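> So that we are looking at the same thing, I have put the structure below in structure tokens.
Protein chains in written order, with my numbering: chain A, 1 to 309; chain B, 1 to 342; chain C, 1 to 333.
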């Protein structure tokens, strides 16, 4: 139990918030808006899972927002040209993986610090996309929304997809050697190397994986409306990283549980609706979000006080 | 014996000098100036140089104070948001609390120090990771600025004597440049000429080792974050004078520019090595690039992309020789790969 | 070593500053092509891109060199920096859509001191910072059209909500003020329950609208005053199954809202002919520089747009235009 006290605390805060809303604003639980909100958060959950694995490996990726936008626009353009779903899905994931591979090559191959590399790629991708699209929306063919399913069906599919990714990764992080090795690399890369692992290849792989997940998340976002906004994804890296951190993932690597990340995503995603339902002024949103991140990390620090002063 | 050796030594030293990071950056800067001078009719004028100085004063201040922070192995993502918060508090103290401008300015600097103190307490005292703490304060400070002004309130109609700080000249240079130079010299001396500065590097290299060596690590680290708060507040005042207006979204994105300039200038993001003059060159390189591309009639997005590319090139340039050396070295002589820090 | 670098840096900057032509005041006279610098509120905004289409047309017609540049980041100081650059470049006329009224006036006044003509379009600066304001419709006019249309669709009673871009966007805040004034003056039975920002993102607007629809079950209308929010709010209403029950109106481009208007989700999209606005801006800019348009004029011949009224120092394009089911297909922007 103590091992999971961090994740349980986050879950506890989330449950508390949900209880408060149940009492003061039961409209929060209306099925249709709830379903819409969950569907909108599905891409964020996928991104948060991916970035949690990157952070477990002692790296960070702040370019995921820009990669998300690029993948979204690419999938929109492909869809508008009439390619079938399978092709667009494969292509988007591939594009994401390639972008992730660029990050990975620079970080793992050239041993450059990931925060600076992903800062550079974030800016290059964002400005490049803006230059190319000039803010124009992309109109999708009619059959594209919700994968051609009904609205309910589509929303359940999206939520199911994200949840599946979460479950698979969470299971894998306990039972699949490949993911468990990431924890080893994040804890002490040199020890991992001596133990026979190849930290550089694993780091490269985790960035490629992050890119692929970003492509998937972008597609899940694109099918939710008939137009693609090239500005989508702005600020998403902040949301995903904050959710991972609040959920207990350590930025110094080696520690983190995907169920905690799940709780983190839900908690941070509930702040804004909670403000609306509780009729609180919207300009408190950023301050509250910042306070939650600080509280989460302070809690971490107090819990892990080193014995040696 | 000494003559040939000293010749060899001199050649080596010149070689080492030429390949130092700062030298390469200086060459890049000069190349930028030459190119834009050729392409843009008005690039090389004094007016334009003053423009570049005025536009990069606040961001340059943030980059300067970010240097010792990164040297200690930390980071501060909240400086841009703090600039916005200080700007509106400055306006509020002057307009709503009725304080005179000098008093309001001093109060703002104090508020900046307190805000930096929050970062300092969490990072230095509680030993929390700087990236996440300042990620939290990045949202918190901006959020407080929006909440205090409800997003809509702006502060304007400052007296001309105040606006001269940001818009007029003093003794030949734009007024804010004198403040910038003072802070630049101060931080340079702090980092390169005091034991404090040496201790920053020590802390960046090995915080535990520094602690065991008797350095008051917590106090030194706290100092740099509080200093960042004060400098951010100063930058906020200059910004307000330059724009003639204080708004809650002032300074959005400045922290990324500051980090880019510091890393471009050769400071390692992991801490331990770096220089203030490198940061100055980094600020100059980016500012000249942004300005020059306007004169070269290029769209603004190109400036962003080139800055990102320049950053990667600068990083890669210092790593590629190391990588090549490692590949060339016989396997059994090659040491273990360095432990990859975050 | 360190001093070497500092000296080298100062030397190179000084070298380049001094060995070059000192700044001469505005060129462009004596038969050289006029340079008009056009600034949107931000680049990558489809609304301003459509204005630019008209501006390009006018530039070709008038034979002027058109510079188009704008901020890509939200920092308020960026517009000023671009204007500073243009002053140094020595353009003849600056035409700017102002994000921050007072902030940008600082830079525009400096431009006028250097002999550069200044006009504003879409959002005004301080009156003493520019020669003319190309007014597609006054802020009051825009706000009143929005509020009156909202009242018409809800029979002047009920709750409504506003979605804006950000809480700090200057011209939207002016519209909000005028909307609230009109609401208080003319529609006492209507209530504005919330104003939410969407950070200029369609997806965020959709989420905000979803929450608003559920948190305020008696909501009768959503007014989206930033253009990405109009389709975002419409999609939220459609997904909530409240098409027709909750009305959607807003300021947006016809091309982005066509589908929703035909489906009956969005009732009215209010805008103006953006291409004409861009055209008028550049034509007036050129005429201002070559003396055909003088301060104090009562009327202005705007070429293909006809003779337009000049009210004080505002050239008015006309009233806001309401796009709805019946006419939205006639427009291609």
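Each residue gets a CB set at the ideal place from its N, CA and C atoms; glycine is no exception.
Keep in mind it's a predicted model, so treat the numbers as computed, not measured.
1) Would you tell me roughly how many angstroms separate the C-alpha atoms of residue 112(B) and residue 212(A), rounded to the nearest one?
2) Taking all protein chains shown into account, do 16 or more other C-beta atoms lie within 10 angstroms of the C-beta of residue 327(C), making it buried, or fewer, making it exposed?
3) Do you know offhand how far residue 131(A)'s Cα is from residue 299(B)'s?
4) Who are residue 248(C)'s beta bridge partners in DSSP?
5) Taking C-alpha atoms, which residue in 299(A), 292(A), 298(A) lies nearest to residue 141(B)?
6) Could you name the residues of chain A that residue 323(B) contacts, counting a contact when the two beta carbons are closer than 9 Å?
7) Taking Cβ positions, are residue 214(A) and residue 64(A) nearer each other than 9 Å?
8) May I ask you to report which of helix, strand or coil DSSP gives residue 63(B)?
9) I'd like to know whether the C-beta of residue 151(C) is nearer than 9 Å to at least one C-beta of chain A.
10) Does the beta-carbon distance from residue 327(B) to residue 200(B) come in below 9 Å?
11) Residue 41(A) lies in the alpha helix (DSSP H); which residues open and close that run?
12) Measuring CA to CA, which of 150(A), 70(A), 298(A) is closest to residue 96(A)?
13) Does residue 239(B) come out as helix, strand or coil in the three-state DSSP assignment?
14) Would you check if the distance between the CB atom of residue 107(B) and the CB atom of residue 93(B) is smaller than 9 Å?
15) Between the Cα of residue 343(B) and the Cα atoms of 115(A), 34(A), 249(A), which residue gives the shortest distance?
16) Output needed in chain order: residues of the stretch 230 to 251 of chain A with a Cβ under 7 Å from some Cβ in chain E.
17) Could you check whether the Cβ of residue 19(A) sits closer than 9 Å to any Cβ belonging to chain B?
18) What residues of chain A sit near residue 231(C), judged by a beta carbon separation below 7 Å?
19) Hey, how far is the Cα of residue 350(A) from the Cα of residue 313(B)?
20) State buried or exposed for residue 287(C), treating a residue as buried only when at least 16 other CB atoms are found within 10 Å of its CB.
21) Buried or exposed: which applies to residue 174(A), given that a residue is buried once 16 or more other Cβ atoms fall within 10 Å of its Cβ?
22) Please classify residue 235(B) as buried or exposed, where buried requires at least 16 neighbouring CB atoms within 10 angstroms.
23) Can you tell me whether DSSP reads residue 168(B) as helix, strand or coil?
24) Where are the alpha helix (DSSP H) runs, 4 residues long or more, that stay fully inside the stretch 253 to 334 of chain B, in chain order?
25) Since residue 274(C) contacts residue 98(C) with CB under 8 Å, what's their CB separation in whole angstroms?
26) Could you run through the stretch 23 to 52 of chain B and flag, in chain order, every residue whose CB is less than 7 Å away from some CB of chain A?
27) Compute every distance between the C-beta of residue 308(B) and the non-hydrogen atoms of the ligand ATP, then say whether any falls below 8 Å.
28) For the putative contact between residue 122(B) and residue 131(B), defined by C-beta atoms under 8 Å, what is the C-beta separation to the nearest angstrom?
29) Mind checking residue 277(B): buried by the 16 CB within 10 Å criterion, or exposed?
30) Using a Cβ-Cβ cut-off of less than 9 Å, list which residues of the stretch 283 to 298 of chain A approach chain B; keep chain order.
31) Judging by CA-CA distance, which residue of 91(C), 121(C), 64(C), 307(C) is the nearest neighbour of residue 47(C)?
32) What's the gap between the Cα of residue 237(C) and the Cα of residue 272(B)?
33) Taking the alpha-carbon positions, what's the residue 183(C) to residue 145(A) distance?
34) How would you label residue 231(C), buried or exposed, when you count the other beta carbons within 10 angstroms and need 16 or more for buried?
35) Under 8 Å by Cβ, that's how I've got residue 238(B) and residue 57(B) pegged, so tell me the actual separation to the nearest angstrom.
36) Would you say residue 261(B) and residue 226(B) are within 9 Å of each other, going by their C-beta atoms?
Taking the definition as stated:
1) Locating residue 112(B) in the second chain gives position 112, where the first residue counts as 1. Locating residue 212(A) in the first chain gives position 212, where the first residue counts as 1. C-alpha separation (whole angstroms): 42 Å.
2) As a working note, residue 327(C) is residue 327 in the third chain. Label assigned to residue 327(C): exposed.
3) Taking the first chain and counting its residues from 1, the one referred to as residue 131(A) is at position 131. Taking the second chain and counting its residues from 1, the one referred to as residue 299(B) is at position 299. So the two alpha carbons sit approximately 8 Å from each other.
4) Counted from its first residue, the third chain places residue 248(C) at position 248. 222(C), 266(C), per the DSSP bridge assignment.
5) The residue given as residue 141(B) occupies position 141 in the second chain. If we check each option's Cα against that of residue 141(B), 292(A) comes out closest.
6) The count along the second chain starts at 1 and reaches residue 323(B) at position 323. Chain A residues near residue 323(B): 109, 110, 111.
7) As a working note, residue 214(A) is residue 214 in the first chain. As a working note, residue 64(A) is residue 64 in the first chain. In contact: residue 214(A) and residue 64(A) (Cβ atoms closer than 9 Å).
8) Position 63 of the second chain, counted from the first residue, corresponds to residue 63(B). In the structure shown, residue 63(B) sits in a helix (DSSP, three-state: H, G or I).
9) In the third chain, counting from the first residue as 1, residue 151(C) sits at position 151. No, no contact with chain A.
10) Translated into positions along the second chain, residue 327(B) becomes position 327. Translated into positions along the second chain, residue 200(B) becomes position 200. No. Outside cutoff.
11) In the first chain, residue 41(A) corresponds to position 41, counting from 1. Segment 31 to 56, the alpha helix (DSSP H) holding residue 41(A).
12) Residue numbering aside, residue 96(A) sits at position 96 when the first chain is read from its first letter. Answer by Cα proximity: 70(A).
13) Start at 1 with the first residue of the second chain, and residue 239(B) comes out as number 239. The answer is helix: DSSP assigns residue 239(B) an H, G or I state.
14) Numbered from its first residue, the second chain carries residue 107(B) at position 107. Numbered from its first residue, the second chain carries residue 93(B) at position 93. The answer is yes: Cβ separation under 9 Å.
15) The requested residue 343(B) is not part of the displayed model; chain B covers only 1 to 342.
16) The structure shown contains no chain E; its protein chains are A, B and C.
17) Mapped onto the first chain, residue 19(A) falls at position 19. No - not a single Cβ of chain B is within 9 Å of the one on residue 19(A).
18) Reading the third chain from its first residue, position 231 is the one you call residue 231(C). The contacting residues are 227.
19) Any answer about residue 350(A) is impossible in this case: the structure gives chain A only from 1 up to 309.
20) In the third chain, counting from the first residue as 1, residue 287(C) sits at position 287. Residue 287(C) is buried by the Cβ-count criterion.
21) Mapped onto the first chain, residue 174(A) falls at position 174. By the 10 Å Cβ count, residue 174(A) comes out exposed.
22) For this step, residue 235(B) is matched to residue 235 along the second chain. With 16 or more other Cβ atoms within 10 Å, it is buried.
23) Counting from 1 along the second chain, the entry for residue 168(B) is found at position 168. If DSSP states are grouped into helix, strand and coil, residue 168(B) belongs with coil.
24) 254 to 264, 276 to 295, 300 to 328
25) The residue you call residue 274(C) lines up with position 274 of the third chain. The residue you call residue 98(C) lines up with position 98 of the third chain. The Cβ separation is near 17 Å, so there is no contact.
26) none
27) Judged by which ligands are present, the structure shown has none, so any question about the ligand ATP falls away.
28) Start at 1 with the first residue of the second chain, and residue 122(B) comes out as number 122. Start at 1 with the first residue of the second chain, and residue 131(B) comes out as number 131. Taking the Cβ atoms as the reference, residue 122(B) lies roughly 12 Å from residue 131(B), outside the contact range of under 8 Å.
29) In the second chain, residue 277(B) corresponds to position 277, counting from 1. In this structure residue 277(B) is buried. Its beta-carbon is surrounded by 16 or more other beta-carbon atoms within 10 angstroms.
30) 283, 284, 285, 286, 287, 288, 289, 290, 291, 292, 293, 294, 295, 296, 297, 298
31) Counting from 1 along the third chain, the entry for residue 47(C) is found at position 47. The shortest C-alpha separation from residue 47(C) is found at 121(C).
32) As a first step, residue 237(C) must be located in the third chain, where it is residue number 237. As a first step, residue 272(B) must be located in the second chain, where it is residue number 272. So the alpha carbons of these two residues sit roughly 55 Å apart.
33) Working through the third chain from its first residue, we reach residue 183(C) at position 183. Working through the first chain from its first residue, we reach residue 145(A) at position 145. So the two alpha carbons sit approximately 37 Å from each other.
34) Locating residue 231(C) in the third chain gives position 231, where the first residue counts as 1. That one is buried.
35) Residue mapping note: residue 238(B) aligns to position 238 of the second chain, counting from 1. Residue mapping note: residue 57(B) aligns to position 57 of the second chain, counting from 1. Their Cβ separation, rounded to whole angstroms, is 6 Å, which keeps residue 238(B) and residue 57(B) in contact under 8 Å.
36) Here residue 261(B) corresponds to residue number 261 of the second chain, with the count starting at 1. Here residue 226(B) corresponds to residue number 226 of the second chain, with the count starting at 1. In this structure, residue 226(B) does not lie closer than 9 Å to residue 261(B) by Cβ.
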